[in-house]
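Just below is one structure, and these are the notes that go with it.
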Amino acid sequence: QVRFVESGGGLVQPGGSLTLSCAASGIILRRFRVDWYRQAPGSPGSLREWVAGITSGASTNYADSVKGRFTISRDNGNSTVYLQMNNLKPEDTAVYYCNTSPKYSWGQGTQVTVSS
Numbered sequence: 362q363v364r365f366v367e368s369g370g371g372l373v374q375p376g377g378s379l380t381l382s383c384a385a386s387g388i389i390l391r392r393f394r395v396d397w398y399r400q401a402p403g404s405p406g407s408l409r410e411w412v413a414g415i416t417s418g419a420s421t422n423y424a425d426s427v428k429g430r431f432t433i434s435r436d437n438g439n440s441t442v443y444l445q446m447n448n449l450k451p452e453d454t455a456v457y458y459c460n461t462s463p464k465y466s467w468g469q470g471t472q473v474t475v476s477s
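Numbers 362 to 477, taken from my numbering, label the letters of the sequence shown in order.
Set out below in structure tokens:
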């Protein structure tokens, strides 16, 4: 069974930074494209916004809303994908999830709150 574990969230002031981590069990993560998604407070239960993705070959792409502020990377030795988030804004507040392509069951996510 595939299981994703997201970590690294927290409360940060606007302009601050956080680094999220995504680990997985049950699959060899380095073989897959991995994407980060987020679900903002009050959004419908199944609606997650795509944030960024990284291929198995380390090509990356980003949503326009985070381009230039977020960086996705992967450490295949540790089977972990990271999301470095800089210059955080209140509208970045959300639960952040990772998943592969093709998708498996969602993990619990990690809460990011940007507030002064």
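We put the beta carbon where it would ideally sit given N, CA and C, even for glycine.
These figures come from a predicted structure and were not determined experimentally.
Straight-line CA distance for residue i to residue j?
i, j, result
"Gly418", "Pro463", "16 Å"
"Gly470", "Ser477", "23 Å"
"Val475", "Lys450", "6 Å"
"Gly370", "Gly377", "12 Å"
"Gln400", "Arg409", "5 Å"
Can you say whether residue i is buried or exposed, counting buried as having 16 or more other CB atoms within 10 angstroms of its CB?
i, result
"Ile415", "buried"
Could you name the residues of the same chain whose beta carbon sits closer than 6 Å to that of residue i, not counting the 5 residues immediately before and after it, in chain order?
i, result
"Leu390", "Ser440"
"Cys383", "Glu367, Val442, Cys459"
"Gln374", "Ser477"
Tell me which residue opens and which closes the beta strand (DSSP E) that residue i is part of.
i, result
"Glu452", "Per DSSP, Glu452 belongs to no beta strand (DSSP E) and is neither H nor E."
"Gln400", "394–400"
"Tyr423", "421–423"
"Arg391", "Neither: Arg391 is in no beta strand (DSSP E) and is coded neither H nor E."
"Gly414", "410–415"
Which residues in the same chain have their Cβ closer than 7 Å to the Cβ of residue i, if we skip the five residues on either side of it in sequence?
i, result
"Phe393", "Ser417, Thr461, Ser462"
**Asked** Taking one C-beta from the segment 398–405 and one from the segment 428–441 each time, how about it: are there three or more such pairs within less than 8 Å?
**Response** no
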